[in-house]
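What follows is a set of notes on a single structure, which appears directly below.
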Amino acid sequence: MDDLDRQILDVLRRDARTPYTEIGDELGVSEGTIRNRVERLQEDGIIERFTISTSTGNVKAMIEVDVAVDVDTHGVGDQIAEWPEVDFVWQVSGELDIVVVVDADDTGRVNELITKTRELDDVTTTKTRLILDETL
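The opening residue of the sequence shown carries number 3 in my numbering; numbering runs sequentially from there.
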């Protein structure tokens, strides 16, 4: 991955729907170059998916999850990722093992998701933070 790839990713992170012609104009290269680079970034697994960011008026929260030492965190994360309110599941280093970002209808639903997380066999503890504001 070179500087041009990084610049393309910077544009797409802000708006994944930016036309390749617009990205090319901004970066001083052709639309075809952008298209080929994006396709290669997808094939190489650098770009995993194109997604949207929403402002639903819902309550967003980060549920930080700790699992038992002998547990495969991928399995727990994959299970949580299936829940409809989940935006992201990150495996992280540090005090806790997994961070789950949820977008729920209200704080009551956030609390239900916390309880659902705690009820998973391999989860030992959770910490939750409400997201007050989001800026890219």
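Just so you know, even glycine gets a beta-carbon here, dropped at the ideal spot from N, CA and C. Predicted model only: the values in this text are computed from it and were never measured.
When you compare only the Cα positions, how much space is there between residue i and residue j?
{"i": "I1", "j": "T126", "result": "For the chain, the structure presents residues 3 to 138; residue 1 sits outside this window and is missing."}
{"i": "T137", "j": "V103", "result": "15 angstroms"}
{"i": "I48", "j": "V78", "result": "24 angstroms"}
{"i": "F90", "j": "V40", "result": "22 angstroms"}
{"i": "I25", "j": "E33", "result": "8 angstroms"}
{"i": "I133", "j": "D7", "result": "31 angstroms"}
{"i": "R51", "j": "Q44", "result": "8 angstroms"}
{"i": "T75", "j": "Q93", "result": "7 angstroms"}
{"i": "Y22", "j": "D124", "result": "45 angstroms"}
{"i": "D135", "j": "D27", "result": "32 angstroms"}
{"i": "R15", "j": "K118", "result": "31 angstroms"}
{"i": "V13", "j": "T20", "result": "8 angstroms"}
Under a three-way DSSP split, which group does residue i fall into?
{"i": "R131", "result": "strand"}
{"i": "A106", "result": "strand"}
{"i": "E28", "result": "helix"}
{"i": "E41", "result": "helix"}
{"i": "A83", "result": "helix"}
{"i": "T20", "result": "coil"}
Mind checking whether residue i and residue j have CB atoms under 9 angstroms apart?
{"i": "R120", "j": "T109", "result": "no"}
{"i": "A83", "j": "L115", "result": "no"}
{"i": "V71", "j": "I100", "result": "no"}
{"i": "V61", "j": "D4", "result": "no"}
{"i": "E66", "j": "R111", "result": "no"}
Let me check one thing: in DSSP terms, what residues is residue i bridge-paired to?
{"i": "F52", "result": "None, per the DSSP bridge assignment."}
{"i": "V91", "result": "V102"}
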